[in-house]
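Inspection log for the structure reproduced underneath, given as structure tokens.
Structure follows, in structure tokens:
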């Protein structure tokens, strides 16, 4: 099965180095959040967003108190989607690994 995705490239003005470093740091924090939430979701066999958010939200907010709360909320949504897909593949014995690897992050 192939999936067709439409991608649009939007040109923007060149970002100053300081602002670009902030975005890189933000991407790193978001990646860490998603990886941690995904590991806990797979370990606890949690597939649903609401249950996952109930388990992880306070812990992640304590680790990243300066980030807005919607980043944690979105990371939980992202992680629940990834964990649900991985657990389904693992159940069908189609997963290539015993653990979930987060490769791409989109903010």
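Numbering (the numbering used here), first residue to last: 793 to 899.
Positions of the beta carbon are idealized from the N, C-alpha and C atoms, including for glycine.
With burial defined as no fewer than 16 other Cβ atoms inside 10 Å of the residue's Cβ, what is the status of residue i: buried or exposed?
i, result
"residue 872", "buried"
"residue 817", "exposed"
"residue 883", "exposed"
"residue 812", "exposed"
"residue 858", "exposed"
"residue 899", "exposed"
"residue 845", "buried"
"residue 807", "exposed"
Compute the Euclidean distance between the alpha carbons of residue i and residue j, then round it to the nearest angstrom.
i, j, result
"residue 868", "residue 826", "7 Å"
"residue 810", "residue 804", "16 Å"
"residue 814", "residue 793", "38 Å"
"residue 836", "residue 896", "23 Å"
Report the CB separation of residue i from residue j in whole angstroms; it is logged as a contact under 8 Å.
i, j, result
"residue 870", "residue 848", "So it is not a contact: roughly 12 Å between Cβ atoms."
"residue 823", "residue 894", "7 Å"
"residue 834", "residue 875", "6 Å"
"residue 856", "residue 821", "6 Å"
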